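Student: Below: one structure in structure tokens.
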Amino acid sequence: MNLIDKINANKLNENVKNFPEFRTGDTVAVHVKIKEGNKTRIQVFKGICLAMKEKNSINGHFIVRKISDGIGVERTFPFHAPIIDKIEIAARGKTKRAKHFYLRDRTGKEARIAIDFSRK
Numbered sequence: 002m003n004l005i006d007k008i009n010a011n012k013l014n015e016n017v018k019n020f021p022e023f024r025t026g027d028t029v030a031v032h033v034k035i036k037e038g039n040k041t042r043i044q045v046f047k048g049i050c051l052a053m054k055e056k057n058s059i060n061g062h063f064i065v066r067k068i069s070d071g072i073g074v075e076r077t078f079p080f081h082a083p084i085i086d087k088i089e090i091a092a093r094g095k096t097k098r099a100k101h102f103y104l105r106d107r108t109g110k111e112a113r114i115a116i117d118f119s120r121k
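Per the numbering used here, the sequence shown starts with residue 2, numbered consecutively.
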């Protein structure tokens, strides 16, 4: 193991957060710390998780997409970022794909993912 891997392993152990288990296709609400001047507040970014990469790695991240005023907004969140306060799962999606980039081209009802009631 080289020096960079050792440093990343230490950071991973320090910054481990107890996020719920979620997959792509789930509707998640990410509570993000926003700093404005000398004040900090929490802003909720709620949308569908499009993709995940390396969940248990220091380089891991996930992409959340929401529709705001008819415009699609995507945001990438690293799993071990200090700006993430917590993650809540609003709905579990019933999907068979690992990445949901096809949702970028869809609007309205066709951009929805069916809810999976069998997963808790």
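C-beta atoms are modelled at their ideal positions from N, C-alpha and C, and glycine is treated no differently. Only a predicted model underlies this, so the values are computations on that prediction, with no experimental measurement involved.
Using C-beta distances below 7 Å, list every residue in its chain close to Thr77, excluding the 5 sequence neighbours before and after it, in chain order.
Tutor: Against the sequence shown, residue 77 aligns to sequence position 76. Around Thr77: His62 and Ile64.
Student: Can you tell which of Lys56, Ser119 and Ile88 has the C-alpha that lies nearest to the C-alpha of Ile49?
Tutor: To locate residue 49, count along the sequence shown from 1; it is residue 48. Among Lys56, Ser119 and Ile88, the Cα nearest to that of Ile49 is on Ile88.
Student: Specify the secondary structure class of Arg105 as computed by DSSP and reduced to three states.
Tutor: Working through the sequence shown from its first residue, we reach residue 105 at position 104. Three-state result, Arg105: helix.
Student: Threshold first: 3 residues or longer. Then list the beta strand (DSSP E) segments lying entirely within the segment 27-113, N to C.
Tutor: 28-37, 40-54, 62-69, 72-79 and 85-92
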